[in-house]
Structures are given as C-alpha cells and as structure tokens.
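Residue numbers (the working numbering), protein chains in the order written: chain A, 2 to 324; chain B, 2 to 208.
These notes are about the structure you will find just below.
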C-alpha cells in the first residue's frame with residue numbers, strides 16, 4: 002500500500018468511526034490509533050463505556066436513562082492502551098465475545114482471565130525473556146498471595162517496556178517505581194490484597210540519607226529483590242527484613258546496581274576508563290564511580306610529595322649533624 | 002640569643018584554624034572511606050561516614066564564612082591581597098631558599114614581620130587554597146548534598162558525576178597542600194616553633 006493510499010484509508014476509517022462512536026468520541030480517536038490497531042472501531046464498543054469516567058444506562062420500557070460512574074479499575078485509557086505493548090489487540094482477543102451483551106452476564110463477568118504465562122510462557126517467540134523463570138521467581142516472592150497476579154503491577158492495557166530500551170533512565174525509574182507505589186502508597190488499593198497495617202513508604206525509608214535523590218535515582222526493586230542474572234528484571238520480591246540496607250552494596254566498586262538498574266545499558270552507553278562508567282551518563286554513585294587513571298595519577302603525585310618531603314627532611318638532618 | 006616575638010595570630014584566626022583543621026581531617030578520612038568503600042573491607046561504616054562527612058562539611062562551610070568575613074572586617078585580609086609586580090622573582094627567590102639556602106643557614110629572604118605574615122610561596126598557595134580550592138570544594142560539596150540543584154547532564158555526562166569528580170580532585174589537591182603545609186610548618190627556628198605560634202598567637206624568631 003502506498004503512503005497516500007494508506008493515509009486515505011486511515012482517514013476513511015476515522016470518518017467511519019465517528020458514525021459508530023458517540024459524538025464526544027470523535028476527538029478521542031486519534032489517527033495514530035488506527036495506524037497501530039485494526040480493531041479501533043470494534044474496540045469502541047467496549048471503550049465507549051470502559052474508556053469513560055461514566056456510562057449511560059437506558060431502560061427501554063420507561064425510556065428513563067441515568068449516568069453511572071465507572072469503577073476506576075475498569076477504565077481503559079485509550080492513549081495508554083494504543084501505545085502499550087498490547088496496542089495491536091482487539092478487546093475480544095483476551096476477553097469473551099459475550100461481553101458484547103450489556104448488561105454483562107454474571108457468567109461472563111466471573112470468567113477466568115488470561116495471565117501473562119498463558120500467552121508468553123513456553124513459547125519460542127518470547128524465550129529470550131525467560132517468562133518461566135519470572136513465574137518461578139514470582140512463586141517464591143512475597144507477592145505470591147491470593148488474588149495477586151501479574152496484572153497487579155503490569156496492567157496489560159497500559160504496560161510499556163521502558164527499562165529495556167530506556168533513553169531517559171529517570172523516566173523509566175519513575176515508571177517502574179510507580180508500579181510499586183500504586184499499591185504501596187495507596188492504602189485503599191493495598192487493603193484489597195492484604196490485611197497488613199498501612200505502610201508509610203517515606204517513613205519506612207527515613208534511614209536513607211538524601212531520600213529524594215535515592216528514590217529518584219533507583220528503582221524500589223534494586224534493594225527489594227534478589228539479583229538474578231538469567232532474567233532481565235528480578236521478580237523475587239523479598240520480605241522487608243531481607244531488603245538491602247548496607248550502603249556499600251551499591252556504593253562500592255562492585256556495586257549491585259551494575260547487576261540490576263544498569264544491566265540494560267547498551268555497550269555504546271558504557272564509558273571506558275571508569276569503574277561502573279555506564280552509571281555516569283545519568284548519575285554519580287559515591288564509592289561506585291572511580292577513574293583508575295586518576296587514582297594512579299593521584300598516587301604518583303602523593304608518592305612524589307612524600308618522597309620530596311622525606312628527601313628535604315634527610316638533607317636538613319644531615320646538615321644539622323655536620324654543623 | 003634574643004627572641005623576637007610578634008603577635009600575628011589573633012584569637013579568632015586560631016579558633017578558625019583549629020576548627021578548619023579538625024573538620025578537614027574528618028572530611029579527608031571519611032572521604033577516603035567513600036572512595037574506597039567496599040562491601041567486605043571498608044575501613045569505616047558507610048552510613049557513619051555519611052553523617053560525619055555531612056556534619057563536618059557544614060561546620061567547615063560556616064567556618065569558611067567566618068574566615069572570609071574576618072578577613073574583610075579585620076586587617077588580616079591585607080596579608081592575602083597585597084601583590085607586588087616582582088612576584089615571580091620573589092617566588093623564585095623563596096624557592097631557591099627552600100632548596101638551597103635553608104641548608105646553608107642563610108637568612109630568610111622574606112622575614113616575617115607585622116606587615117608581612119607570609120612569604121611569597123605561602124601567600125600564593127594560601128590564596129589558591131582559600132579563594133579557589135575551598136570555594137570549589139564547598140560548592141561541589143553542596144551540590145552533592147543537594148543533588149536536585151545540579152544540572153542533569155552536561156554533554157551527555159551526568160552533571161552529578163562531573164560535580165563528584167571536581168569534589169574529589171579538590172579534596173586531593175587540598176590533601177597534598179595539607180601535607181606540604183604541615184611539613185613547611187616544621188621549618189621554623191625549631192621543628193615545633195611554628196606549631197606553637199598557632200597555639201599562642203606569637204610568631205617567634207631568634208635574632
């Protein structure tokens with residue numbers, strides 16, 4: 002398909018969508034959505050309710066209608082969805098066709114949902130990501146509790162791969178930490194999964210010097226998971242008693258950050274002549290970033306200074322004795 | 002042999018000097034601890050070093066402010082600010098004394114008096130240390146203490162990393178100065194004469 006034909010097709014599709022969607026939806030369907038997904042119009046059958054803060058219920062008998070608020074967890078952000086890893090999908094690729102019936106039947110609503118492993122596990126296409134090892138790590142993690150699934154952190158309707166190809170590491174760190182904070186900084190969500198007492202993340206980390214710099218510069222999982230070199234991101238979340246608390250785990254020349262946060266950095270991003278130099282594109286970790294050449298040069302100057310002082314002292318003592 | 006005494010180090014300078022020396026030694030010790038931090042073999046606990054380093058740095062910074070203000074309001078500033086045109090020749094003369102004349106018992110080429118507290122080499126090194134290196138190490142240290150004020154990247158390198166390396170380099174330069182400073186302080190009439198001067202305020206010379 003040539004580019005003009007494709008553009009015209011997209012415009013035609015966009016025009017067609019206005020017939021199906023409610024008037025407000027016309028501005029919500031961006032051309033970019035049609036570029037990545039062949040089911041945008043089909044998906045609108047769901048998103049005209051699940052893409053909104055409220056939805057309309059009509060009673061044909063009385064012709065009365067009311068607006069109801071959509072439960073926040075069931076709202077799908079179109080922009081986030083059509084830029085996510087699952088942006089090409091139709092809603093019914095994962096959800097039952099029976100959801101086309103409204104109100105949804107109870108049998109449909111309690112249907113078992115797909116999990117990551119149902120598509121990604123034991124599949125050569127995804128072999129390089131070792132989803133099976135991730136699953137094993139999750140089973141051993143403290144997150145392995147009732148009703149906790151991959152989706153609690155990785156919303157399939159908005160999940161993006163940030164860390165693997167992060168141009169802006171700060172943005173990737175923020176994105177990753179927000180996955181944790183979504184529950185750990187929101188007690189209402191936290192109580193949906195556990196009866197534990199409320200955690201105040203900032204109070205729990207008040208022992209960290211320069212807390213803000215730490216939270217901005219590293220992900221929660223740097224300290225709260227066990228290092229695993231066979232998978233890209235460790236998923237075995239440790240109990241808080243086993244979390245890293247020794248500063249030198251990161252602040253030393255053999256910093257664990259090189260096995261966690263910075264393991265994704267491309268070879269181009271590495272800087273020769275520095276210890277853990279790849280970190281220096283974005284930050285500076287006291288104790289971890291050194292320049293061996295500068296250290297050698299420093300020792301040379303220090304040695305020459307001490308030698309000069311020793312020689313001068315020797316001459317003074319000799320002169321004193323000869324006098 | 003008569004002893005000639007000049008009151009050169011007023012109380013405020015001596016207090017400043019002892020605070021400066023102690024805080025700098027703590028900063029140096031803990032700074033080396035950071036640089037060679039190791040999971041197994043660090044010579045000081047990292048978290049303890051952080052507290053000592055931060056507190057000492059704040060003390061040193063305020064103390065530096067005392068030094069600058071003191072020099073402005075007292076007459077002490079003149080010892081740093083009066084420069085002569087033949088400074089280069091004077092520096093050479095002083096250097097020649099240290100590498101040759103001192104062993105021949107020659108007289109000091111620039112004897113200390115009320116108007117001249119430092120010889121040319123002392124003056125140039127003290128000015129460089131107090132008005133170039135100290136501001137740089139304090140500013141870079143403040144940057145590391147409050148990293149949010151530092152530019153994120155400069156030419157693709159972390160602004161924090163550049164600040165960190167500047168801080169390390171200044172720390173090293175000042176440490177080398179400290180070694181030389183301590184040694185040259187043994188070059189008085191007797192090895193401990195100049196150290197005593199900094200305690201009692203009087204510069205002593207045998208005539």
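Ideal placement from N, C-alpha and C gives every residue a C-beta, glycine not left out.
Bear in mind the structure is a predicted one, so any value in this text is a computation, not a measurement.
(request) Tell me, please, whether the segment 36–47 of chain A touches the segment 92–103 of chain A by the rule of three or more beta-carbon pairs shorter than 8 Å. (result) yes
(request) Using a Cβ cut-off of 7 Å, pull out every chain A residue sitting near residue 44/B, in sequence order please. (result) Position 43 of the second chain, counting from 1, holds the residue named residue 44/B. Result: empty, since nearest Cβ-Cβ is about 12 Å, beyond 7 Å.
(request) Determine the burial state of residue 258/A: buried for a count of at least 16 other Cβ atoms within 10 Å of its Cβ, exposed for fewer. (result) Against the first chain, residue 258/A aligns to sequence position 257. Buried.
(request) Identify every residue that forms a DSSP beta bridge with residue 156/A. (result) Residue mapping note: residue 156/A aligns to position 155 of the first chain, counting from 1. Paired residue(s): none; residue 156/A is not in a bridge.
(message) Tell me which residues share the same chain as residue 340/A and place their Cβ nearer than 6 Å to its Cβ, disregarding the 5 neighbours each side in the sequence.
(response) Residue 340/A cannot be examined here, being either before or after the span of chain A that is shown, 2 to 324.
(message) If I follow the unbroken alpha helix (DSSP H) through residue 56/A, where does it start and stop?
(response) Residue mapping note: residue 56/A aligns to position 55 of the first chain, counting from 1. Segment 55–60 is the beta strand (DSSP E) holding residue 56/A; no alpha helix (DSSP H) there.
(message) Measuring only the C-alpha atoms, how far is residue 187/B from residue 98/B?
(response) Walking along the second chain from the start, residue 187/B turns up at place 186. Walking along the second chain from the start, residue 98/B turns up at place 97. Approximately 15 Å between the Cα atoms of the pair.
(message) Strictly under 8 Å for the Cβ-Cβ distance: is residue 212/A near chain B by that measure?
(response) For the purposes of this step, residue 212/A is taken as residue 211 along the first chain, with counting starting at 1. False, the Cβ-Cβ gap to chain B never drops below 8 Å.
(message) By the DSSP assignment, the alpha helix (DSSP H) with residue 33/A in it spans what residues?
(response) Taking the first chain and counting its residues from 1, one reaches residue 33/A at position 32. Note, residue 33/A: alpha helix (DSSP H), 32–37.
(message) My output table needs one value for residue 267/A: the three-state DSSP class, helix, strand or coil.
(response) The residue given as residue 267/A occupies position 266 in the first chain. Summary for residue 267/A: the model assigns pLDDT 49, below 50, so the residue's position carries little reliability; its value from the coordinates is reported in the next sentence. The answer is coil: DSSP assigns residue 267/A none of H, G, I, E or B.
(request) Taking only beta-carbon positions, decide if residue 159/B is within less than 8 Å of chain A. (result) Mapped onto the second chain, residue 159/B falls at position 158. Yes, residue 159/B counts as interfacial toward chain A.
(request) Using a cut-off of 8 Å between C-beta atoms, extract the partners of residue 58/B located in chain A. (result) Start at 1 with the first residue of the second chain, and residue 58/B comes out as number 57. Going along chain A, no residue has its Cβ under 8 Å from residue 58/B, so there is no contact; the nearest lies around 13 Å.
(message) For residue 215/A and residue 244/A, which I take to be in contact (beta-carbon distance under 8 Å), what is that distance rounded to the nearest angstrom?
(response) Taking the first chain and counting its residues from 1, the one referred to as residue 215/A is at position 214. Taking the first chain and counting its residues from 1, the one referred to as residue 244/A is at position 243. The pair is not a contact, with the Cβ atoms about 13 Å apart (cut-off 8 Å).
(request) Thinking residue 219/A and residue 262/A are a contact (beta carbons under 8 Å), I'd like their distance in whole angstroms, please. (result) The count along the first chain starts at 1 and reaches residue 219/A at position 218. The count along the first chain starts at 1 and reaches residue 262/A at position 261. In this structure residue 219/A touches residue 262/A by the C-beta definition: roughly 6 Å separates them, less than 8 Å.
(message) Helix, strand or coil for residue 152/B? Go by DSSP, reduced to three states.
(response) For the purposes of this step, residue 152/B is taken as the residue at position 151 of the second chain. Looking at residue 152/B - three-state DSSP - the assignment turns out to be coil, as it is neither helix nor strand.
(request) With DSSP collapsed to three states, give me the class of residue 80/A. (result) Locating residue 80/A in the first chain gives position 79, where the first residue counts as 1. Reduced to three states, the DSSP call for residue 80/A is helix.
(request) Anything in the segment 175–202 of chain B with a Cβ closer than 7 Å to a Cβ of chain A? List those residues in chain order, please. (result) 177, 180, 181, 184
(request) Give a yes or no on whether the C-beta atoms belonging to residue 24/B and residue 61/B are separated by under 8 Å. (result) Within the second chain, residue 24/B is the residue found at index 23, counting from 1. Within the second chain, residue 61/B is the residue found at index 60, counting from 1. Result yes, Cβ atoms of residue 24/B and residue 61/B sit closer than 8 Å.
(request) Examine chain B for any beta-carbon lying closer than 8 Å to the beta-carbon of residue 268/A, and answer yes or no. (result) Numbered from 1 along the first chain, position 267 holds the residue referred to as residue 268/A. The pLDDT assigned to residue 268/A is 45, lower than 50, so where the model puts this residue is not dependable; a value taken from the coordinates is nonetheless given after this. No, no contact with chain B.
(request) For the beta strand (DSSP E) containing residue 69/A, list its first residue and its last residue. (result) For the purposes of this step, residue 69/A is taken as the residue at position 68 of the first chain. Per DSSP, residue 69/A belongs to the beta strand (DSSP E) from 65–70.
(message) When you compare the segment 13–20 of chain B with the segment 109–128 of chain B, are there three or more beta-carbon pairs, one atom per stretch, that lie closer than 8 Å?
(response) Contact fails: fewer than three Cβ-Cβ distances are below 8 Å.
(request) Measuring only between beta-carbons, confirm whether residue 74/A sits less than 8 Å from chain B. (result) Along the first chain, read from residue 1 onward, the residue named residue 74/A stands at position 73. With 8 Å as the cut-off, residue 74/A does not count as an interface residue toward chain B.
(request) Could you please give the first and the last residue of the uninterrupted alpha helix (DSSP H) stretch that includes residue 232/A? (result) Along the first chain, one-based indexing puts residue 232/A at 231. Premise fails: residue 232/A is in no alpha helix (DSSP H) and is neither H nor E.
(request) Have a look at residue 156/B and residue 157/A and give me their C-alpha separation to the nearest angstrom. (result) Here residue 156/B is taken as the residue at index 155 of the second chain, counted from 1. Here residue 157/A is taken as the residue at index 156 of the first chain, counted from 1. CA-CA distance, residue 156/B to residue 157/A, rounds to 37 Å.
(message) I'd like the ranges of any alpha helix (DSSP H) spanning at least 4 consecutive residues and lying wholly in the segment 89–137 of chain B.
(response) 121–129
(message) From the DSSP secondary-structure annotation, give me the bridge partner or partners of residue 206/B.
(response) Walking along the second chain from the start, residue 206/B turns up at place 205. Answer is 5/B, bridged to residue 206/B.
(message) Using only CA atoms, which one of 6/B, 65/B, 80/B, 73/B lies nearest to residue 121/B?
(response) Within the second chain, the letter at position 120 stands for residue 121/B. For the residues 6/B, 65/B, 80/B, 73/B, the minimum Cα distance to residue 121/B belongs to 80/B.
(message) Taking the alpha-carbon of residue 97/A as reference, which of 110/A, 88/A, 86/A, 104/A has the nearest alpha-carbon?
(response) On the first chain, position 96 is the one that residue 97/A refers to. The shortest Cα separation from residue 97/A among 110/A, 88/A, 86/A, 104/A belongs to 110/A.
(request) Within its chain, find whatever has a CB closer than 8 Å to the CB of residue 70/A; leave out the 5 residues flanking it on each side and keep chain order. (result) Walking along the first chain from the start, residue 70/A turns up at place 69. Counting only Cβ-Cβ distances below 8 Å, and skipping sequence neighbours, we find 54, 55.
(request) Mind the definition here: the segment 148–165 of chain B touches the segment 108–121 of chain B only if three or more C-beta pairs lie below 8 Å; say whether that holds. (result) no
(message) Check whether chain B comes within 8 Å of residue 226/A, counting only Cβ atoms and requiring the distance to be less than that.
(response) Taking the first residue of the first chain as 1, we reach residue 226/A at position 225. Not closer than 8 Å to any Cβ of chain B, the Cβ of residue 226/A fails to qualify, so no.
(message) Distance check for residue 101/A and residue 48/A, CA to CA, integer angstroms please.
(response) The sequence position of residue 48/A within the first chain is 47, counting from 1. The sequence position of residue 101/A within the first chain is 100, counting from 1. For residue 48/A and residue 101/A, the distance between alpha carbons rounds to 11 Å.
(message) Below 8 Å, how does it come out for the segment 59–77 of chain A and the segment 124–133 of chain A: are there three or more Cβ pairs, yes or no?
(response) no
(request) Consult DSSP for residue 51/B and reduce its assignment to one of helix, strand or coil. (result) Within the second chain, numbered from 1, the residue matching residue 51/B stands at position 50. Looking at residue 51/B - three-state DSSP - the assignment turns out to be helix.
(request) Would you tell me roughly how many angstroms separate the C-alpha atoms of residue 31/A and residue 83/A, rounded to the nearest one? (result) Taking the first chain and counting its residues from 1, one reaches residue 31/A at position 30. Taking the first chain and counting its residues from 1, one reaches residue 83/A at position 82. Annotation: residue 31/A to residue 83/A spans about 10 Å, alpha carbon to alpha carbon.
(request) Give a yes or no on whether the minimum CB-CB distance between residue 116/B and chain A is below 8 Å. (result) As a first step, residue 116/B is located in the second chain; it is residue number 115 there, counting from the start. No - not a single Cβ of chain A is within 8 Å of the one on residue 116/B.
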